[in-house]
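Asks:
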Amino acid sequence: MKRAQKVALGVSMSERFSDGYNVIGYIQNNKRKTVVLGAHYDHLGMGGENSLYKGPVAIHNGADDNGSGTTLLLEVMRYYAQRQDTNYNYLIQFYSAEELGLIGSKYWTNHTTFPLKEVEYMINSDMVGRLRDNRLQISGTGTAVEWDEILAKPIHGLDIKKDPAGVGPSDQTSFYYKDLPVLHLFTGTHNDYHKPTDDADKINYKGMAKLASLIYTITVRTANYENLTFQKTTSSERKTTPNFSVTLGVMPDYLFGGPGLRIDGATEGRPGSNAGLKAGDVIMKIGDIAIYDIYAYMTALGAFKKGDMTVLVYVRDGEEVETEITF
1 MKRAQKVALG VSMSERFSDG YNVIGYIQNN KRKTVVLGAH YDHLGMGGEN SLYKGPVAIH
61 NGADDNGSGT TLLLEVMRYY AQRQDTNYNY LIQFYSAEEL GLIGSKYWTN HTTFPLKEVE
121 YMINSDMVGR LRDNRLQISG TGTAVEWDEI LAKPIHGLDI KKDPAGVGPS DQTSFYYKDL
181 PVLHLFTGTH NDYHKPTDDA DKINYKGMAK LASLIYTITV RTANYENLTF QKTTSSERKT
241 TPNFSVTLGV MPDYLFGGPG LRIDGATEGR PGSNAGLKAG DVIMKIGDIA IYDIYAYMTA
301 LGAFKKGDMT VLVYVRDGEE VETEITF
């Protein structure tokens, strides 16, 4: 038997600093109230720890995340700059360092260059370049009493899924925490998220034009109200996220209305792909747990650990299929 030996380790740590810049434009129409239109312009560069890509180092252009939101705001800005009959002043903001934790928008709301008391509401455009079947998610619909009424009438044929929560993984959160009504436009995730394949050839430009018109329609409708009435959204509206140690390695379709969890793709070599799951499949059951939405799906994952085996039920092309899955 070998005797235990002492070893000495040395650890060296260093901090790295870099500068980020918010870019802000203002359209002055001499109105009483101002609307903030925001989008982050940063992405992942050559990848790094937030990348979901497993290949050799490659540029991550981030066409949808968030070149789409940046481009959409430039078009909206051009449109408003040409009009003299708009109902608000417009503060157009492009944020840096969103991917590191909403740093740019958080900094501005804590060091404002414009009085927040004059801001009526904020609309955030983040990942708005993949409109499919006219399905759009708008988050923050519970942050003003009037939002539901404003969004109730049809808008350009869009199938809108509303999420009341003011807190989410994008820049509208910084404004919600300042007690301002917010909206976040989102056309859904996809298999190119945080990968080099998120490129411009996959952007739905006609869909983006429709969302530019949506923003204009919202500003027209809100002008019929003296003020929007801010309200906090409760944690019960956002549902608690269960803890889980395993995943299927699938990309959920967050805009799917259920029942079940439809997937936009399955990562090669992960349990879902190994079991034959592919884009368009709708997961209905994992083990004994029925899957009626994404929260039930996360609850089901929490019941398993690495190495467990179970039966998964999904629907493909209208047919129910059972498959065995190993986590």
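Residue numbers (my numbering): 1 to 327.
We put the beta carbon where it would ideally sit given N, CA and C, even for glycine.
Leaving out five residues before and five after TYR297 in sequence, what residues of the same chain have Cβ atoms less than 6 Å from its Cβ?
Replies: Hits under 6 Å: LEU261, ILE291.
Asks: Out of curiosity, what's the CA-to-CA distance linking GLY207 and THR187?
Replies: 9 Å
Asks: With three or more beta-carbon pairs closer than 8 Å as the criterion, would you say the stretch 138-149 touches the stretch 61-76?
Replies: no
Asks: Across which residues does DSSP place GLU253 in a beta bridge pair?
Replies: Sequence inspection shows Asp at residue 253; the Glu mentioned does not correspond to that position. Bridge partners of ASP253: none, in fact.
Asks: Check PHE17 in the structure and name its three-state DSSP category.
Replies: Taken through DSSP and simplified to helix, strand or coil, PHE17 comes out as coil.
Asks: For LYS306, collect the residues of the same chain with a Cβ closer than 8 Å to its Cβ; drop the 5 residues on either side in sequence, then sort them by chain order.
Replies: SER245, VAL246, PHE327
Asks: Take TYR314 as the anchor and find which of LEU214, SER105, ALA279 has the nearest alpha-carbon.
Replies: Comparing Cα positions, the closest option is ALA279.
Asks: Who are the near neighbours of GLU237 in its chain, counting only those whose CB is closer than 7 Å to its CB and skipping five residues on each side?
Replies: Residue placement at GLU237 cannot be trusted, given a pLDDT of 43 that sits under 50; what the coordinates show is reported in the next sentence. Counting only Cβ-Cβ distances below 7 Å, and skipping sequence neighbours, we find GLY142, PRO164, ALA165.
Asks: Got a sec, what are the start and stop residues for the beta strand (DSSP E) THR86 sits in?
Replies: Here THR86 belongs to no beta strand (DSSP E), and DSSP marks it neither H nor E.
Asks: Going straight from the alpha carbon of PHE175 to that of VAL282, what length do you get?
Replies: 35 Å
Asks: GLU149: buried (16+ other C-beta within 10 angstroms of its C-beta) or exposed?
Replies: Exposed: under 16 other Cβ atoms inside 10 Å.
Asks: How would you label SER170, buried or exposed, when you count the other beta carbons within 10 angstroms and need 16 or more for buried?
Replies: It is buried - the Cβ of SER170 has at least 16 other Cβ atoms within 10 Å.
Asks: Quick one: does the C-beta of ASP163 sit closer than 7 Å to a heavy atom of the ligand HEM?
Replies: Absence of the ligand HEM from the depicted structure is noted, as is the absence of any ligand whatsoever, leaving it without description.
Asks: In chain order, what residues of the same chain lie with their CB nearer than 8 Å to the CB of PRO252, ignoring the 5 residues before and after it?
Replies: THR189, LEU261, ARG262, ILE263, ASP264, ILE294, TYR297
Asks: How would you label PHE329, buried or exposed, when you count the other beta carbons within 10 angstroms and need 16 or more for buried?
Replies: Beyond the ends of the chain as shown, which are 1 and 327, falls residue 329; an answer cannot be given.
Asks: If you check the beta carbons only, do LEU312 and ILE286 fall under 8 Å apart?
Replies: yes
Asks: Are the Cβ atoms of LEU180 and PHE256 separated by less than 8 Å?
Replies: In this structure, PHE256 does not lie closer than 8 Å to LEU180 by Cβ.
Asks: Once you ignore the five residues that flank GLU331 on each side, which residues in its own chain have a CB closer than 6 Å to its CB?
Replies: Residue 331 lies beyond the residue range present for the chain, which begins at 1 and ends at 327; the question has no answer from this structure.
Asks: Helix, strand or coil for ILE150, going by three-state DSSP, please let me know.
Replies: helix
Asks: When we look at the beta-carbon of GLN5 and count the other beta-carbons within 10 Å, is it buried (16 or more) or exposed?
Replies: Exposed is the call here.
Asks: On the three-pair Cβ rule with 8 Å, is the stretch 152-160 touching the stretch 94-102?
Replies: Taking 8 Å as the limit for Cβ pairs, the verdict is that the stretch 94-102 does not touch the stretch 152-160.
Asks: For TYR53, name the three-state secondary structure that DSSP assigns.
Replies: coil
Asks: For the structure I just gave you, are there three or more beta carbon pairs, one from the stretch 25-40 and one from the stretch 109-126, closer than 8 Å?
Replies: yes
Asks: Compute the Euclidean distance between the alpha carbons of TYR80 and ILE27, then round it to the nearest angstrom.
Replies: 8 Å
Asks: Going by beta carbon distance, what residues of the same chain come within less than 7 Å of LYS370, once the five residues before and after it are set aside?
Replies: As shown, the chain starts at 1 and ends at 327. That puts residue 370 outside it, with no answer to give.
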